[in-house]
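Worksheet: the structure to be examined is printed underneath.
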Amino acid sequence: MKTILWLREDLRLYDNLALNQAAADGEVIPVFFYPEHLGGASYWWLHHSLSRLAEQFAEHGVTLILRTGDPARVVLKLCEEIGSTKVVFNRVYSSRGMAQGQAVKQALQGADIECQSFNSQLLFEPGKIFNKQGTPFKVFTPFWKHCCAQLQPPAPQAFTTLKPVGDQPDSEQLSDWGLLPTRPNWAQGLADTWQPGEAGAQQRWQEFLNDRIQGYKEGRDFPEREQTSLLSPHLTFGEISPRQLWHDTQEAMASGLVDASNGNKFLAEIGWREFSRYLLVHFPQIETEAFNQKFADFPWKNSAKLLKAWQKGETGYPIVDAGMRELWHTGYMHNRVRMIVASFLTKHCLVHWQSGMDWFWDTLVDADVANNTASWQWVAGCGADAAPYFRIFNPILQGEKHDKLGVYVRRWVPELKKMPNKTIHQPWTADEETLAEAGVKLGKDYPRPIVDHADARAEALAAYQAIKSSS
DNA sequence: TGAAATGTTGGGGCG
DNA sequence: ACGCCCCAACATTTC
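Going left to right, the first sequence walks through residues 1365 to 1835 as the working numbering numbers them.
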């Protein structure tokens, strides 16, 4: 029996429930459809991830089939073409992903072809989790407590083997998809930073678990220390399973290799990923609208000039610019800095969170609809369990607190390399002599602040007042 | 998973 | 010895 394995955000062999089911049934025909909605950095990642996955399948005599078109229509056509009577896939918990899944199921039902779907993307099934009132959780902590206390995620499933497939359907060529940038080739920094694919994911995970997770609870807040897991893009493309992360971490804590405080903090971050997906399943409108309805009339100013300066990392606030340049160069930004730059765009610049979200979508290798939506709304103060609006990060204090010695800033904003620690986070306050010694001419080598912190803060609070009473 | 303003406390200088 | 002021350090509240 030939089973079609429809792949999407599950580009791995280990702990892939749909794959294991298909393999248990007989021959597996893995199919991946060209996704039309990704950002540039994600396409770069996808190219390499698919390339690696195709190699993994090829080792077992199986070809990864690439196709373009509507999955519901083409999967059905493929079934007829190769005489397959079963399709399996792992569910994707987003509006688009769930709609696609439904469409495929319906198309197959009409043709009397068996279709099975699995959860290989999340620890917990969003549709099954409710609070005591029977409504969806809207606050992270009770949600996560409920998950941890009442539900035990199933253990990861080992990958066994695949039967070689004789007769393969036609596949498009990955190179024809044109996922890689050509001119200019902006992907060098990405290639230097990342190894897409399951092997790269496992390697990063082992490094983290053997080393960096110690001190994670404290160290995760300091962007110049490499103390975060760096797994986000691997998780986005499903190159590693959250169940594996859960079970490996539990095991490491049980054996005393990892402190409970660090291990649980890391798992709580995986919990935020679960929570974002969960919110999107229960409140699909948050992809385009503020969760908190009061924000429908928020007086955004949406200055194109400020947005542009933010995107290019030329705001004049070193910690903000460092983050935006790290993003552009590597397709990634440290979590603490993401909060700072997002707060700056939405509050200091009064640019709509959607504009920031769009930029992240295009430039992040870990771009994920659920995380992107929930996190931008969280920072902007309009999301579920959001930071209060008036929590306006002071980019100077945040820099001094989380990059005390300016290591991160100097790395990404080299024109400030010679600035002393005392003024590296606020170069405009340095005296003439200091600036001259550091070789910095403000407005020429490095921009003056595009907004004044105190003024911008006051303006943001005033804007909030405008919607506070209305409802 | 803030920041800034405001309030409180306590030690030291000094008349 | 005592009250008074100053102000740092910490705590609370407000945004």
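C-beta: ideal position from N, C-alpha, C; glycine also.
Practice task
Out of GLN1466, GLY1803, PHE1504 and PRO1533, state which residue places its alpha-carbon closest to the alpha-carbon of ILE1368.
Solution key: With distances taken between Cα atoms, ILE1368 lies closest to PRO1533.
Problem - DSSP-derived helix/strand/coil call for HIS1523 - result: Strictly speaking, residue 1523 in this sequence is Phe, with His absent from that position. Note: PHE1523 maps to coil in three-state DSSP.
Practice task
Take PRO1517 as the anchor and find which of TRP1610, GLU1779 and ILE1429 has the nearest alpha-carbon.
Solution key: The residue with the shortest Cα to Cα distance from PRO1517 is TRP1610.
Problem - Straight-line gap, SER1835 to GLY1747 (C-alpha atoms, nearest Å) - result: Because SER1835 carries a pLDDT of 45, less than 50, the predicted location of this residue cannot be relied on, and the following value inherits that uncertainty. Rounded to the nearest angstrom, the two C-alpha atoms are 15 Å apart.
Problem - Cβ-Cβ separation, TYR1696 to VAL1729 (assumed contact under 8 Å), whole Å - result: Your pair VAL1729 and TYR1696 checks out as a contact, with CB atoms roughly 6 Å apart and the cut at 8 Å.
Practice task
Compare the Cα-Cα distances from LYS1527 to each of PRO1759, ASN1384 and LEU1375 and report the closest residue.
Solution key: When only C-alpha atoms are compared, the closest one is ASN1384.
Practice task
Counting only runs of 3+ residues fully inside the region 1369-1414, write out the beta strand (DSSP E) ranges in chain order.
Solution key: Runs of the beta strand (DSSP E) inside the region 1369-1414: 1391-1397.
Exercise for the section: Check whether the region 1385-1403 touches the region 1421-1436, counting contact only when three or more Cβ pairs, one atom from each stretch, lie closer than 8 Å. Expected result: Segments in contact, yes.
Practice task
Compare the C-alpha of LEU1371 against each of THR1449, VAL1456 and PRO1791 and name the closest.
Solution key: Ranked by how close their Cα comes to the Cα of LEU1371, the residues THR1449, VAL1456 and PRO1791 have VAL1456 in first place.
Exercise for the section: Verify whether the separation of the beta carbon atoms of LEU1381 and ASN1495 is less than 8 Å. Expected result: No, the Cβ-Cβ distance between LEU1381 and ASN1495 is not below 8 Å.
Handout entry: LEU1430, DSSP secondary structure in three states
Key = Here LEU1430 sits in strand by DSSP.
Problem - Buried/exposed call for ASN1666, threshold 16 Cβ in 10 Å - result: ASN1666 should be labelled exposed.
Practice task
Below 8 Å CB to CB, which residues in the same chain sit around ASP1816 once its five sequence neighbours on both sides are set aside?
Solution key: Closer than 8 Å at Cβ, skipping near neighbours: no residue.
Handout entry: Beta-carbon proximity list for ALA1731, same chain, < 6 Å, skipping 5 on both sides
Key = So the qualifying residues of the chain are GLY1403, SER1406 and TRP1725.
Handout entry: Anticipated Cβ contact below 8 Å, LEU1544 with HIS1424, distance rounded
Key = So it is not a contact: roughly 26 Å between Cβ atoms.
Handout entry: Any alpha helix (DSSP H) of 4 or more consecutive residues that is wholly inside the region 1533-1586
Key = The qualifying runs are 1552-1557, 1562-1571 and 1580-1583.
Practice task
Report whether the distance from the Cβ of GLN1591 to the nearest heavy atom of the ligand FMN is below 7 Å.
Solution key: The ligand FMN is not part of the structure shown, which contains no ligands of any sort.
Practice task
Could you tell me which of PRO1813, GLY1807, ALA1751 and ALA1734 sits nearest to MET1462, measuring between CA atoms?
Solution key: Ranking the options by Cα distance to MET1462, first place goes to ALA1734.
Problem - Beta carbon of GLY1627 nearer than 8 Å to that of GLN1485 - result: No. Outside cutoff.
Practice task
Look up GLN1464 in the DSSP assignment and say whether it is helix, strand or coil.
Solution key: In the structure shown, the three-state DSSP call for GLN1464 is helix.
Practice task
Mark MET1843 as exposed unless 16 or more other C-beta atoms lie within 10 angstroms of its C-beta, in which case mark it buried.
Solution key: With the chain represented from 1365 up to 1835, any question about residue 1843 goes unanswered, as that position is not in the structure.
Handout entry: Cross-strand partners of GLN1480 (DSSP beta bridge)
Key = Paired residue(s): VAL1452.
Exercise for the section: Spatial neighbours of GLY1583 within its chain, please: CB distance less than 6 Å, with the 5 preceding and 5 following residues excluded, ordered by chain position. Expected result: Hits under 6 Å: ARG1589 and GLN1591.
Problem - Neighbourhood of ALA1836 by C-beta distance below 6 Å, restricted to the same chain and skipping five residues each side - result: Because the chain here runs from 1365 to 1835, residue 1836 falls outside it and cannot be looked at.
Exercise for the section: Check each candidate in VAL1451, SER1458 and SER1459 and name the one with the smallest Cα separation from ALA1471. Expected result: Comparing Cα-Cα distances from ALA1471 to each of VAL1451, SER1458 and SER1459, the minimum goes to VAL1451.
Problem - Cβ separation of GLN1675 and TRP1723, assumed to be a contact under 8 Å, to the nearest whole Å - result: With a Cβ gap of about 6 Å, GLN1675 and TRP1723 count as contacting.
Exercise for the section: Kindly indicate the opening and closing residues of the alpha helix (DSSP H) around TRP1723. Expected result: In the DSSP assignment, TRP1723 falls within the alpha helix (DSSP H) that extends over 1717-1727.
Handout entry: Run of the alpha helix (DSSP H) containing HIS1424, from where it starts to where it stops
Key = For HIS1424, no alpha helix (DSSP H) segment is defined, and its DSSP state is neither H nor E.
Handout entry: Nearest neighbour of LEU1414, chosen from ILE1477, GLY1530, ASP1556 and TRP1541 [CA to CA]
Key = Here the closest residue by C-alpha is TRP1541.
Handout entry: CA-to-CA distance, PRO1597 to ARG1437, given in whole angstroms
Key = One C-alpha to the other measures close to 29 Å.
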